[in-house]
Every structure is written in C-alpha cells, then in structure tokens.
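Colleague: Counting from 0, one number per residue, gives the positions in the sequence shown under numbering that gives the first Met the number 0.
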Amino acid sequence: MSLSSSGHTSQKTSGGGFSYTSKVHVLDKYKVVGFISSGTYGRVYKAIGKDGNGKEFAIKKFKPDKEGEAAQYTGISQSAVREMSLCSELSHPNIIHLVEIILEDKCIFMVFEYCEHDLLQIIQHHSQGSAGGSGGGGAGASQQQQQSSAPTNNPAPPSAAAAGGKTPIPAPVVKSTLFQLLNGLHYLHCNWVLHRDLKPANIMLTSSGAIRIGDLGLARLFRSPLNSLYSGDKVVVTIWYRAPELLLGSRHYTPAIDLWAVGCIFAELLGLRPIFKGEEAKMDGKKGVPFQRNQMGKIVEVLGMPERRRWEGLSGMPEYGHLATVGQSQQQQQQQQQQQQQPGNGGGGGGAVGQQFNERGINVGLERWYHNTLASTGYPPISASSGANGSNPADTPGELGLDLLNKLLEYDPIKRLTAEEALRHPYFAGEDGGGKPSANCFEGVDVRYPHRRVSQDDNDIRTVSLPGTRKTVGIGGAGGGGGGMDEGGAGGGKRGRYVGD
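#1: Quick one: Cα of G360 to Cα of N201, how far?
#2: Y186 by DSSP, collapsed to three states: which one?
#3: Can R451 and I107 be called in contact, C-beta distance under 8 Å?
#4: If you count every other CB in all the chains shown that lies within 10 Å of the CB of C263, and 16 or more means buried, which is it?
#5: How many Å lie between P289 and L97 at the Cα?
#6: What's the C-alpha gap between G475 and L180?
#7: Excluding five sequence neighbours on each side, which residues of the same chain lie with their C-beta closer than 8 Å to the C-beta of L407?
#8: From what residue to what residue does the alpha helix (DSSP H) around C106 run?
#9: Which class does I504 belong to by DSSP, given the choice of helix, strand or coil?
#10: Under DSSP, the beta strand (DSSP E) around A79 begins and ends at which residues?
#11: Counting only runs of 4+ residues fully inside the region 368-421, write out the alpha helix (DSSP H) ranges in chain order.
#12: How close, in whole Å, do the beta carbons of F427 and K174 come, if the pair is a contact with beta carbons under 8 Å?
#13: Quick one: what's got a C-beta closer than 7 Å to R307's C-beta in the same chain, skipping five residues either side?
#14: Assuming A218 and R195 form a contact by the criterion Cβ under 8 Å, report the distance between their Cβ atoms to the nearest whole angstrom.
#15: Please classify R447 as buried or exposed, where buried requires at least 16 neighbouring CB atoms within 10 angstroms.
#16: With a threshold of 16 other CB atoms inside 10 Å of the CB of Q291, please say whether the residue is buried or exposed.
#17: Within the chosen definition, does the region 120-130 reach the region 71-91 through at least 3 CB pairs nearer than 8 Å?
#18: Could you tell me the alpha carbon to alpha carbon distance between V236 and G377, rounded to whole angstroms?
#19: With Y410 and W310 assumed to form a contact (beta carbons below 8 Å), what rounded beta-carbon distance in angstroms separates them?
#20: Identify, in the order they occur along the chain, each residue of the same chain with its Cβ nearer than 7 Å to the Cβ of P342, setting aside the five sequence neighbours on each side.
#21: Considering only the beta carbon of each residue, do K165 and L271 sit closer than 8 Å?
#22: Roughly how many angstroms separate the alpha carbons of F56 and G320, rounded to a whole number?
#23: Could you tell me how far apart the beta carbons of Y40 and S84 are, in whole angstroms, since I believe they sit closer than 8 Å?
#24: I'd like the ranges of any beta strand (DSSP E) spanning at least 3 consecutive residues and lying wholly in the region 201-284.
#25: Name the one or two DSSP bridge partners that M304 has.
#26: Please return the same chain residues whose Cβ sits closer than 8 Å to the Cβ of E318, not counting the five positions on each side in sequence.
#27: Between I94 and I212, which are expected to be in contact by the criterion C-beta below 8 Å, what is the C-beta distance as a whole number of angstroms?
#28: Using CA coordinates, which residue listed in K276, F111, A438 and G443 is at the minimum distance from G183?
#29: Count the other CB atoms, across all protein chains shown, that sit within 10 Å of the CB of D214; report buried if there are 16 or more and exposed otherwise.
#30: Whose C-alpha, out of R81, A323, V444 and T372, is nearest the C-alpha of E267?
#31: Can you tell me which of the three DSSP states Y40 falls into?
#32: Output yes or no for whether 8 Å exceeds the beta carbon distance between G400 and Q355.
#33: For V299, name the three-state secondary structure that DSSP assigns.
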C-alpha cells in the first residue's frame, strides 16, 4: 500500500479481500456534515455518501505527527496499523463494519458505518434522569437535537424514577446489550483477537438497537506472540476496567481480561457509574509502570482481599508484595468508619477482610453492592419480581444477573467465565421469567435517546496540520466516539506511548 497525494483506497471485495483503486479523494465520495470528536490518534467526522442513497458514515482521520506549523510525515502509528489490519479481516454483526480505507495527502481515512449512540451516552442519559418519554438532555444533547426512540409498546417500569433523578436502564436493554457484547467478544476471541480496551465509550449502538464493538486500536492477535504481551504494551485497558491480573503486573494474560471489563460494564449499566472508580497513578518513564494501589483498593472495597487459597497464581504476580499496602489502607478506612459510627470504640481488625461467600457461592461484598445499587438506581425489589403487586420479572436483572456478574468479576482469570460460557448462562435463557435477550436493544422499551452531537464549527476534514482542539476520549473506530466525555473522565484517551510488539 503506497502513500501519495493522488490518494489510494482499499475496499472489501465479495471474496472478503481488499482491492485498491488509485486517485480517490475522500471528499469526492463523501460529504462531511460535521465534526464528532478528537482524541489521541486523530479525529472523527460524520459524513454522507455522495452516491445518492443518503447513507451515513463515520470517517476516522489519523493525524500525522506535527512539528512546528508543518505536518511532518513520520510513518503510520502502531495503533492505526492494528486497527486497519484487524478491521479489514473481521466481519461480524456485533463488530463495527469498516467500509473502506482511503489514503490521501499522507493521511489515512478509515470509513466506518455510522452508529447513532454509544453505551457511555446511554448511561449518561439515564444518570441525568432524562430517559423517560421524549426527554431531552443526556450525553450533551442540545435542544435542537432530534430524539432517537425505541418502539413505545410498553410503559416504563413502576420504579423508573429513582432518588436523585436517575432512571434505570430497562432490564431488557441491559440483557440485550450484554448478550450482543459477549457475542461479538466471543467472535474476537475465537479468532485469537484480544480487544484490550472495552469500556462504554467503545461500545456502539445503531439506531436499530444493534451493538457494535469498536475502537480496535489496542486490539491484537495473541495466538503466537514472539514475546510476552506485556513486552509489547505495558499498559492496556482503561484503568476502571482493568483486570486484577493486569493491576498486579502479570507478564502473561488471556482473553479473561476482556471478560473482567465486560463485568465492569455490566455493573455500570446497572449502577450508572463505574463500579471500581479509582485514580490512576501516572507512569514515570524512568521508574516503569507504577502499582495502581488506588484502583486495586476500589476493587478490594467491594470484593474483599484476594486470597492465595482461591487464586493459585496470586503469589507469583510481580506486584503481589504491594497487596499488603492495599490491606493496610483498607484497615485504616475501616477503623475511621468504626470510630465515626461508634466514637471511642478503637476500631481493630487485622487488615482488609478477605473474600467472603454465601451458600450459593456469591461474593458477599458484591451481593451487598448489587442489591444496594439496584435499589438506589430504581429497579423494583427482586423479591417483588415474581409477579406480586403487578410487577414483572423482566423489570429487574434478578438473582441470575447477580450470579453472572459474580462469575465475571472473579479474581482468578482461570476461573473467570469465558465469553462462550457467559453466553450459556441461565440469565440469558430467561429461566427467571425475565425473557430471552432481543437482537434489538430498544425493542418494546419506551425510552428516547438523543442523537450523537455533531459540531459544525470544525468540520474541515482536509486540514493537515490539525490545530489543537479540546480532546474527547473514545473516538474509536466505531463511528463516533466517546459521547462527549472529556479527557479527565474514564481515562480512555490517555494511553501513553507504546513500544512495538
């Protein structure tokens, strides 16, 4: 594939390969209607094809390295190479579809199908209490924006209005979203691909309720690595969704890291905020990757301290010695809480509490978090979901949802569910009366979501120097971006610099 000012394009053929055509300019084929977001590696624009059918696209432009006022071409970034190569080969209903790649003026344009929503946008919409009826706002929506709605067959659950103005994401939407996400992830793992950056901003939804996994910039093949995966990328996965084995410095990891992220996303769909919202310690180039004590502490607060008797490989983790400092921090917090609740009681205890499980094998701390979260978000009580008082089992994730979450947020990656095992979980079989997942997340749900915000202020896709703008994370390959989340949010845009594989 050569780079020239005349422009080259690659396009999928019926046989699944790519053909290349010279002298194709992006603006000859697409009309740019607005700017969506910018991030670490480039910018994303919304466009309409000029073939007359009005189809919408998202064009991701990788920016060249800049030196002074002139754009200096120094090659294609590792992220761009990975994303182009993987998206060119992958084809699945729950993976973002790459339409073509255009090379023009030493810039790379990846043309994707357009997705109207992302999970972060949906979560923000519900957390702001604007998910009922034709409500506005949500995810940065303006009054001028139209609303994208699901069919309005059914009324909202009776407990839709929670304290603080939050409205829960309907349980059928959560179930369909999770099932489609796992389905796409199962396809990736069957094809030896780790995503390594799953988070709400990178999970897209079409207007017809189909999930698309996007942003494969950190994804990579893991079938036959020449070196350990750690040697190629020392930091992967946004901090709030990073698995314990990664936090503990594991040099070798498996698709289980993606399943932990799915568990975190599941919890966030239920609680409308990250379950493990820690603060990331910044990497010092001289000292290497720091131990993420605060993030590990957030996990321990809910799940308890990991134990060697339940996680066989725990003591072999490079950062295992730092767990003691997490325990000391937890002990101090417990003592402070006890002193506040019972003045003069001196506290006590011998460090952070280890994991505790009930007779069904459910982590007691997670069970407590689950029931408190469902109540605070506004789901009906699980005990009432059997049909009493006019309630419907489909209105709540139920006990099977807790069981699935418990098996996704398992410390030991060997014991953690695989995507295939998760898809077979009784939660998706409707054994609790909650029904099976629909292929349309919005089916039968009376919720209206705002369209993605598109700016008219900075939509010149031809700009080479790419003047500085306020960055937003999650610009990802999925056609649109992180729903207006700034860099200080989930940390997805701050990936640092990575050495080659």
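Where a beta carbon is used, it is the ideal one built from N, C-alpha and C, also for glycine. Source: prediction; values computed, not measured.
Modeller: Taking the coordinates as given:
#1: For the purposes of this step, residue 360 is identified with residue 361 of the sequence shown, where counting begins at 1. For the purposes of this step, residue 201 is identified with residue 202 of the sequence shown, where counting begins at 1. Taking the straight line joining both Cα atoms gives about 32 Å.
#2: One-based indexing of the sequence shown puts residue 186 at position 187. Y186: helix per DSSP, three-state reduction.
#3: Position 452 of the sequence shown holds residue 451. Position 108 of the sequence shown holds residue 107. The answer is no: Cβ separation not under 8 Å.
#4: Translated into the one-based positions of the sequence shown, residue 263 becomes position 264. Label assigned to C263: buried.
#5: Here residue 289 refers to the residue found at position 290 when the sequence shown is read from its first residue. Here residue 97 refers to the residue found at position 98 when the sequence shown is read from its first residue. Spanning the alpha carbons of P289 and L97 requires a straight line of approximately 36 Å.
#6: Position 476 of the sequence shown holds residue 475. Position 181 of the sequence shown holds residue 180. Because G475 carries a pLDDT of 39, less than 50, the predicted location of this residue cannot be relied on, and the following value inherits that uncertainty. Taking the straight line from one Cα to the other gives about 16 Å.
#7: The sequence position of residue 407 within the sequence shown is 408, counting from 1. Taken in chain order, the residues that qualify are L258, W259, V261, G262, F265, R415, L416 and A421.
#8: If you number the sequence shown from 1, residue 106 lands on position 107. Bounds of any alpha helix (DSSP H) do not take in C106; it lies within the beta strand (DSSP E) bounded by C106 to E112.
#9: Nothing about residue 504 can be read from this structure; the chain reaches only from 0 to 500.
#10: To locate residue 79, count along the sequence shown from 1; it is residue 80. Counting along the chain, no beta strand (DSSP E) covers A79; the unbroken alpha helix (DSSP H) around it starts and ends at Q77 to E88.
#11: Fully enclosed alpha helix (DSSP H) runs of 4 or longer: 397-407.
#12: Here residue 427 refers to the residue found at position 428 of the sequence shown. Here residue 174 refers to the residue found at position 175 of the sequence shown. The C-beta distance from F427 to K174 rounds to 7 Å, short enough to meet the 8 Å contact threshold.
#13: For this step, residue 307 is matched to residue 308 along the sequence shown. Within the same chain, L313 and S314 come within 7 Å of R307 by CB-CB distance, once the 5 residues on both sides are set aside.
#14: The residue labelled residue 218 in the question sits at position 219 within the sequence shown. The residue labelled residue 195 in the question sits at position 196 within the sequence shown. The Cβ separation is near 6 Å, so the contact holds.
#15: Working through the sequence shown from its first residue, we reach residue 447 at position 448. In summary, R447 is buried, with 16 or more beta-carbon neighbours lying within 10 Å of its beta-carbon over all protein chains present.
#16: In the sequence shown, counting from the first residue as 1, residue 291 sits at position 292. When all chains shown are included, Q291 counts as buried.
#17: Verdict: no, contact absent.
#18: The count along the sequence shown starts at 1 and reaches residue 236 at position 237. The count along the sequence shown starts at 1 and reaches residue 377 at position 378. Going from the Cα of V236 to the Cα of G377 covers about 30 Å.
#19: Position 411 of the sequence shown, counted from the start, is the residue given in the question as residue 410. Position 311 of the sequence shown, counted from the start, is the residue given in the question as residue 310. Y410 to W310, Cβ: 5 Å. Contact.
#20: Here residue 342 corresponds to residue number 343 of the sequence shown, with the count starting at 1. Because the pLDDT at P342 is just 49, under 50, the model does not fix this residue reliably, and the value given afterwards should be weighed accordingly. There are no such residues.
#21: Position 166 of the sequence shown, counting from 1, holds the residue named residue 165. Position 272 of the sequence shown, counting from 1, holds the residue named residue 271. Cβ distance < 8 Å, so K165 and L271 count as in contact.
#22: Along the sequence shown, read from residue 1 onward, the residue named residue 56 stands at position 57. Along the sequence shown, read from residue 1 onward, the residue named residue 320 stands at position 321. Distance between the alpha carbons of F56 and G320: 49 Å.
#23: Mapped onto the sequence shown, residue 40 falls at position 41. Mapped onto the sequence shown, residue 84 falls at position 85. Between Y40 and S84 the beta-carbon gap is near 15 Å, outside 8 Å, which marks them as no contact.
#24: Entirely contained in the region 201-284, the beta strand (DSSP E) runs reaching 3 residues are, in chain order, 202-204 and 210-212.
#25: In the sequence shown, the residue the question calls residue 304 occupies position 305. For M304, which the question treats as bridged, DSSP gives the partners G353.
#26: One-based indexing of the sequence shown puts residue 318 at position 319. Around E318: L246, L247, G248 and F290.
#27: On the sequence shown, residue 94 is found 95 positions in, with the first residue counted as 1. On the sequence shown, residue 212 is found 213 positions in, with the first residue counted as 1. Between I212 and I94 the Cβ distance is about 5 Å, and since that is below 8 Å, they are a contact.
#28: Counting from 1 along the sequence shown, the entry for residue 183 is found at position 184. Here the closest residue by C-alpha is A438.
#29: Taking the first residue of the sequence shown as 1, we reach residue 214 at position 215. Looking at its Cβ environment, which holds 16 or more other Cβ atoms inside 10 Å, D214 is buried.
#30: Indexing the sequence shown from 1 puts residue 267 at position 268. Of the listed residues, the one whose Cα sits closest to E267 is T372.
#31: For the purposes of this step, residue 40 is taken as residue 41 along the sequence shown, with counting starting at 1. The answer is coil: DSSP assigns Y40 none of H, G, I, E or B.
#32: For this step, residue 400 is matched to residue 401 along the sequence shown. For this step, residue 355 is matched to residue 356 along the sequence shown. Their beta carbons are not under 8 Å apart, which means G400 does not touch Q355 by this criterion.
#33: Translated into the one-based positions of the sequence shown, residue 299 becomes position 300. DSSP places V299 in helix when its eight states are reduced to three.
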